[in-house]
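Residue numbers (this note's numbering), protein chains in the order written: chain X, 3 to 379; chain S, 16 to 251.
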C-alpha cells in the first residue's frame, strides 16, 4: 500500500472523528438554507408591505383608489414635511396642479414608498391625459407615438435566477471549500507538531513528499464534502422557494453546462486551497498559531467573489482569468448566466489554478522537508 | 553503529564539536550528559531527522546522508514526548506506523497483535489514545517504534514523564531488547539508570565527548557514576 494512501486513510479517519470538522460541515449545510430563507422572507415582505403617506390638501379624484391598490396608506398630517421624518414613510402636500413630496432618502422605507408613489402618479397623469384627449375626440395614442414592445430572449424569471446564482454559488463554493478544510489542514500539520507526533511520523521510511500528498488529498476531500453539503442544501432550499411565473419554470435551477464547470473549478480550488493551508499550517507551531496564519486567507479569497456583487456587468479580458479565485468566479458566472463555456477562459483559469496549486504544493514540501520543521518546535 | 567526528550548528549555537563513538548489537549503550550537552541532536542526526555539518554516521552499514530511508527502516526511536494520535485507538496508532514502516499487509495483524501481547497492552488496545494514561501512551510509543522489528533501538529520556511503575517497565523492556540482540542506545541524564542498565557509556559535555568506555571503567574507583559524571563536567 502506498505511503500517500496510508496517510490519506488515517487523516480521513481522524478528520471524521473530529467534532470541529463535523460541526463545520453541518453548519455549512444548515446555514445556507437558513440564509436563503431569510432573504426570501425579507424580499416577500418588502414587496407586499404597506407604506404610509402623511398628506395635507385635497386628494385628486380617483388617486386615493390607485394609492390604496398599491399598498400606500393615506393618513392626514398637519405638517407632512415634519411627519416624513419619523411618523410616516413619506409626506405629501396636494396643491392645485402640483404635488410636493417630502421624504428622507436615508430611510429605505421612504425610498420604496417614494418609488411607488412616482409610479402611481405617472399612471394617474397618463390616465387623466388620455381621458382629456378622448373627451375632445382625439386619439390618446398621440401621447405615445413610438410604442415600446419588449421581446426578452430568455425567461425574465430564469435571468433573475441566473443573476442570483452567479453571485451566490461561487461565493458559497469558495467559502465552503476554504472553511471546510480549514480545521483539517491545521490539525494535520500544526496539530501534529503540537501533539508531538510529527517526529515519529518523519522517522518512518515513508518519503515526506508522499506524506504530504496524503495530507493534502485528505484536506481536499473534506473541503469538497463541505462544498457539496452546502451546495446540495442550497439547491434543496431553492427548490422550496417559488418565484413569480408559470408553474414548472418558477424555481431557481442551475444550467446543465454550469454543473461540470462547477465540479472542475471546485476540484482545482480545493487542491489549491488545501496546499496553501497545509503550507501555512506547516509554518505554525500550534493549532492556535495555524488559525492566525490561515484566517486572513479567507478575506483575501472572498474579495474577488465580491467583485461580481459590486460590478455585476464586469466583463474583463482574458488576462484577468490569470488571477486565481477571480477567474473561478468569472468562469462560473459565464457558465451560469450564458449557459455556455468560453473555452479560452476555462483553459486559462485551469492553468492558473493548477499552477497556484503546484506552487503551493512545492512550498509546502520545502517547508515539510527543512530541518527547521523540528528544531523550531 | 559508528559515529565519527560529528559536528552540528543550530542557529548560532555550535551544538556538536566532533563527537565519535560506536555501539554494538546486544548491548545497551548510554549517551549521557547534562541538558544542552548535545544528546538529542546526536540522536536526531543518527535517525536522519537532522543532517550533520561534518562527520559521518553509519547505521547497520548504511550512511545517514546517502541512504536515510534505509537507516530509518532499521531504527526505532522512543522519546520523552509520547505524542500519539488521540482520535485513533492504541491498535490503530500502532498499525499506522507499521504500514508506514512497510510491514507487509499479510503480516500486519499478526505483528500488531504480537506487540500488543508482548507489551501487555490488551486491556486498552482498542481504546482511543486520548483516554490513555501516560504509561499506557508510552507503551503505544514503544510499540510503534518496534513494530517493524528494527535492529537499533534508541531511547531518548524515555522515562522522564513516567511514574515509577511505568519507568520500570521501560527499563525492563530495554534489557529484554538487549537480550534479543538489539543495539540499544539510551540517552539520559539519570545516572542511576545509566549505571544499572548500560554496558558502555559516552559522556557528552558542551558538544564534546569527555569520557567513553565500559560503565565500570568510566566510574573508576568513585562511589557512584554520578560522582564521575559531576567530576567530568567540571561541577564537583
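We treat Cβ as the ideally placed atom computed from N, Cα and C, and that holds for glycine.
Identify the contact partners of residue i in chain S, using a Cβ-Cβ distance below 8 Å as the criterion.
i: residue 8 of chain X; result: 111, 114, 115
i: residue 15 of chain X; result: 102, 103, 107
i: residue 199 of chain X; result: 98, 99, 100
What is the DSSP secondary structure of residue i, counted as helix, strand or coil?
i: residue 128 of chain X; result: helix
i: residue 55 of chain S; result: helix
i: residue 206 of chain S; result: helix
i: residue 3 of chain S; result: Outside the displayed span of chain S (16 to 251) sits residue 3 of chain S, for which this structure offers no information.
i: residue 143 of chain S; result: strand
i: residue 110 of chain X; result: helix
i: residue 223 of chain S; result: strand
i: residue 232 of chain S; result: helix
i: residue 187 of chain S; result: helix
i: residue 278 of chain X; result: helix
i: residue 168 of chain X; result: helix
i: residue 44 of chain X; result: helix
i: residue 216 of chain S; result: strand
i: residue 104 of chain S; result: strand
i: residue 47 of chain S; result: strand
i: residue 193 of chain X; result: helix
Work out the CA separation of residue j and residue i for me, nearest whole Å.
i: residue 8 of chain X; j: residue 211 of chain S; result: 41 Å
i: residue 306 of chain X; j: residue 167 of chain X; result: 16 Å
i: residue 233 of chain S; j: residue 19 of chain X; result: 52 Å
i: residue 141 of chain X; j: residue 97 of chain X; result: 29 Å
i: residue 88 of chain S; j: residue 163 of chain S; result: 8 Å
i: residue 145 of chain X; j: residue 270 of chain X; result: 58 Å
i: residue 64 of chain S; j: residue 373 of chain X; result: 7 Å
i: residue 55 of chain X; j: residue 42 of chain X; result: 26 Å
i: residue 29 of chain S; j: residue 46 of chain S; result: 19 Å
i: residue 177 of chain X; j: residue 35 of chain X; result: 15 Å
i: residue 108 of chain S; j: residue 238 of chain X; result: 40 Å
i: residue 96 of chain S; j: residue 119 of chain S; result: 28 Å
i: residue 49 of chain S; j: residue 369 of chain X; result: 31 Å
i: residue 84 of chain S; j: residue 76 of chain S; result: 13 Å
i: residue 67 of chain X; j: residue 75 of chain X; result: 10 Å
i: residue 197 of chain S; j: residue 38 of chain S; result: 10 Å
i: residue 78 of chain S; j: residue 17 of chain S; result: 10 Å
Chain S partners of residue i, CB-CB under 9 Å?
i: residue 175 of chain X; result: Per Cβ cutoff of 9 Å: no residues; residue 175 of chain X is ~28 Å from chain S at best.
i: residue 91 of chain X; result: Going along chain S, no residue has its Cβ under 9 Å from residue 91 of chain X, so there is no contact; the nearest lies around 57 Å.
i: residue 190 of chain X; result: Residues of chain S passing the Cβ test: none, with the nearest at roughly 10 Å.
i: residue 47 of chain X; result: Correct list: empty, because the minimum Cβ distance to chain S is about 46 Å.
Can you name the residues that DSSP bridges to residue i?
i: residue 73 of chain S; result: S:17, S:78
i: residue 36 of chain S; result: S:18
i: residue 42 of chain S; result: S:198
i: residue 29 of chain S; result: S:24
i: residue 54 of chain X; result: X:75
i: residue 97 of chain X; result: X:100
i: residue 261 of chain X; result: DSSP lists no partner for residue 261 of chain X.
i: residue 92 of chain X; result: X:55
i: residue 171 of chain S; result: S:94, S:202
Using a threshold of 7 Å, state whether the C-beta atoms of residue i and residue j are closer than that.
i: residue 296 of chain X; j: residue 282 of chain X; result: yes
i: residue 56 of chain S; j: residue 23 of chain S; result: yes
i: residue 174 of chain S; j: residue 185 of chain S; result: yes
i: residue 228 of chain X; j: residue 193 of chain X; result: no
i: residue 103 of chain X; j: residue 94 of chain X; result: yes
i: residue 99 of chain S; j: residue 86 of chain S; result: no
i: residue 225 of chain S; j: residue 247 of chain S; result: yes
i: residue 300 of chain X; j: residue 175 of chain X; result: no
i: residue 92 of chain S; j: residue 156 of chain S; result: no
i: residue 44 of chain S; j: residue 200 of chain S; result: yes
i: residue 92 of chain X; j: residue 115 of chain X; result: yes
i: residue 337 of chain X; j: residue 263 of chain X; result: yes
i: residue 179 of chain S; j: residue 90 of chain S; result: no
i: residue 5 of chain X; j: residue 290 of chain X; result: no
i: residue 73 of chain X; j: residue 86 of chain X; result: no
i: residue 205 of chain X; j: residue 62 of chain S; result: yes
Should residue i be listed as close to the ligand ZN, given that the test is whether its C-beta is under 6 Å from any heavy atom?
i: residue 199 of chain X; result: Although the ligand ZN was asked about, the structure shown includes no ligands whatsoever.
What does residue i reach in chain S if we use C-beta pairs closer than 7 Å?
i: residue 118 of chain X; result: Here the premise fails: no neighbours, minimum Cβ distance about 59 Å.
i: residue 19 of chain X; result: 102
For residue i, go through chain B and note every residue whose CB falls closer than 7 Å to its CB, in chain order.
i: residue 5 of chain X; result: No chain B appears in the structure shown, which is made up of the protein chains X and S.
For a contact meaning CB atoms closer than 8 Å, what does residue i contact in chain X?
i: residue 84 of chain S; result: 207, 209
i: residue 177 of chain S; result: What residue 177 of chain S touches in chain X: nothing, since even the nearest Cβ is about 15 Å away.
i: residue 62 of chain S; result: 205
i: residue 21 of chain S; result: Result: empty, since nearest Cβ-Cβ is about 15 Å, beyond 8 Å.
List, in order along the chain, the chain X residues whose C-beta lies closer than 9 Å to that of residue i?
i: residue 31 of chain S; result: Within 9 Å Cβ-Cβ: nothing; residue 31 of chain S doesn't reach chain X, min ~13 Å.
i: residue 94 of chain S; result: 198, 201, 202
i: residue 80 of chain S; result: Within 9 Å Cβ-Cβ: nothing; residue 80 of chain S doesn't reach chain X, min ~13 Å.
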